[in-house]
Amino acid sequence: MKKLILAASLLALGAQAKAALFLNNNTNCSVIVQVYAHDLNHGTCGLLSGRIVVAPMSAVSFNNVTNLNTTPGWLGQTAVTTGGTTVWGWDGITFNGSGGGPIGNTTACFTTDNLTVPNGCIPVANVTATWTAVSSSTAVVDFN
Numbered sequence: 005m006k007k008l009i010l011a012a013s014l015l016a017l018g019a020q021a022k023a024a025l026f027l028n029n030n031t032n033c034s035v036i037v038q039v040y041a042h043d044l045n046h047g048t049c050g051l052l053s054g055r056i057v058v059a060p061m062s063a064v065s066f067n068n069v070t071n072l073n074t075t076p077g078w079l080g081q082t083a084v085t086t087g088g089t090t091v092w093g094w095d096g097i098t099f100n101g102s103g104g105g106p107i108g109n110t111t112a113c114f115t116t117d118n119l120t121v122p123n124g125c126i127p128v129a130n131v132t133a134t135w136t137a138v139s140s141s142t143a144v145v146d147f148n
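Reading the sequence shown from the start, the letters are residues 5 to 148 in this note's numbering.
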């Protein structure tokens, strides 16, 4: 029930913002994420963020690509929202370092929208990450 309420709240916020990225960590371990996106000046998957830590049983959201300009920052680049959501958007993520691999929008530069990997926690367990494109500029990523 908790997940359902959280998902409904996030979707309502996304509708108000007209675009957003939601990272929902439903596990007992932190998840480390890097985000891929695009904008007017950077093609598909042209933006890669610094590392974002999503604490256990919590959620992180970003309204648009410029939210990542400062913390954690786009690696050596700056994003713009010029042209609106038809020009910029979220493409995918890598999670928990190199072992997590990339997932994301399969119409962008990713081959899968879900992946299960060991989470690195003690005791070691698997984490499944699922990318759901709600619209062309809104995505929800669930870690279970």
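Where a beta carbon is used, it is the ideal one built from N, C-alpha and C, also for glycine.
In the region 24-107, which residue ranges form an unbroken beta strand (DSSP E) of at least 3 residues, counting only runs that do not cross its ends?
24-29, 35-43, 46-52, 56-58, 62-66, 93-99
Does residue 93 pass the burial test, meaning 16 or more other C-beta atoms within 10 Å, or should it be called exposed?
Within the sequence shown, the letter at position 89 stands for residue 93. It counts as buried.
Whole angstroms is fine: what's the gap from residue 134's alpha carbon to residue 123's?
Residue numbering aside, residue 134 sits at position 130 when the sequence shown is read from its first letter. Residue numbering aside, residue 123 sits at position 119 when the sequence shown is read from its first letter. Residue 134 and residue 123: Cα-Cα distance of roughly 14 Å.
For the beta strand (DSSP E) containing residue 122, list its first residue and its last residue.
Reading the sequence shown from its first residue, position 118 is the one you call residue 122. Here the beta strand (DSSP E) through residue 122 covers 118-122.
Considering only DSSP beta bridges, list what residue 139 is partnered with.
As a working note, residue 139 is residue 135 in the sequence shown. According to DSSP, residue 139 bridges with 142.
Tell me which residues share the same chain as residue 82 and place their Cβ nearer than 7 Å to its Cβ, disregarding the 5 neighbours each side in the sequence.
For this step, residue 82 is matched to residue 78 along the sequence shown. Correct list, in chain order: 73.
In this structure, does DSSP put residue 115 in helix, strand or coil?
What you label residue 115 is simply residue 111 of the sequence shown in a count that begins at 1. The three-state reading of DSSP puts residue 115 in coil, since its state is none of H, G, I, E or B.
Sort 96, 88, 127 by Cα distance to residue 146 and report the nearest one.
As a first step, residue 146 must be located in the sequence shown, where it is residue number 142. Of the candidates 96, 88, 127, the one whose C-alpha sits nearest the C-alpha of residue 146 is 96.
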